[in-house]
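Numbering (this note's numbering), first residue to last: 91 to 270. We put the CB at the ideal spot given by N, CA and C, even for glycine. It should be emphasised that the depicted structure is a prediction, and the values quoted were computed from it without experimental measurement.
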């Protein structure tokens, strides 16, 4: 029994290890922490894609439409969109041009892209990429919490004051066949 439990625990750990390794290969920055942050961006941005694009636009001074077009045209994930936007700003290029180059060299990953653009691992620019990804994750987390809080407040107000308009309150007891 003890041996089975140890084996099961080991296999679960091994599965998680390989899953994270496959993820690192998928995003391909060569830095596990940045890859992790890009994965978090992918998760969190799905809940608020417009908020994510708006955040990138404000942070990097690039128009939302340019970011959105690059994402759609090149089929970028949200993490890839972050990388394309950050590298575009760092190199004074258009997001679409960076995304197109990434698409052409996709097998090489973002780490090679960054190095080709003069961003070496450990350099201040690379640290800035990592900090920006972490900041984006934190921003998306805060936005999600604020959205939940706002929804709870609205539900509380609705309970206190009843439905927002007369039509919402009607219909609960309608159609039950009783006449007054």
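Between the CA atoms of residue j and residue i - distance to the nearest angstrom
i: residue 246; j: residue 206; result: 53 angstroms
i: residue 161; j: residue 233; result: 21 angstroms
i: residue 202; j: residue 140; result: 29 angstroms
i: residue 204; j: residue 241; result: 40 angstroms
i: residue 156; j: residue 147; result: 9 angstroms
i: residue 142; j: residue 135; result: 6 angstroms
i: residue 189; j: residue 196; result: 10 angstroms
i: residue 193; j: residue 163; result: 10 angstroms
i: residue 238; j: residue 168; result: 22 angstroms
i: residue 153; j: residue 187; result: 14 angstroms
i: residue 151; j: residue 180; result: 11 angstroms
i: residue 224; j: residue 149; result: 13 angstroms
i: residue 214; j: residue 165; result: 29 angstroms
i: residue 122; j: residue 249; result: 47 angstroms
i: residue 228; j: residue 124; result: 14 angstroms
i: residue 133; j: residue 170; result: 12 angstroms
i: residue 218; j: residue 182; result: 15 angstroms
i: residue 251; j: residue 212; result: 56 angstroms
Cβ neighbours of residue i in the same chain (closer than 7 angstroms, five flanking residues each side left out)
i: residue 226; result: 131, 145 and 172
i: residue 185; result: 152, 156, 157, 160, 174, 175 and 178
Residues near residue i in its chain [Cβ-Cβ closer than 6 angstroms; skip 5 each side]
i: residue 200; result: 118, 119 and 173
i: residue 216; result: 209
i: residue 191; result: none
i: residue 244; result: none
Limits of the unbroken alpha helix (DSSP H) element including residue i
i: residue 203; result: 199–206
i: residue 170; result: 168–180
i: residue 139; result: 139–150
i: residue 214; result: 214–251
i: residue 209; result: Element bounds for residue 209: n/a, residue is neither H nor E.
i: residue 163; result: 154–164
i: residue 123; result: 122–135
i: residue 194; result: 185–194
Beta-carbon proximity list for residue i, same chain, < 8 angstroms, skipping 5 on both sides
i: residue 138; result: 230, 233, 234 and 237
i: residue 112; result: Per-residue confidence for residue 112 stands at a pLDDT of 36, beneath the threshold of 50, marking its modelled position as unreliable; no derived number is given.
i: residue 198; result: 118
Supposed contact pair residue j and residue i - C-beta distance, whole angstroms, cut 8 angstroms
i: residue 127; j: residue 220; result: 7 angstroms
i: residue 129; j: residue 176; result: Contact doesn't hold; Cβ gap of about 16 angstroms is too wide.
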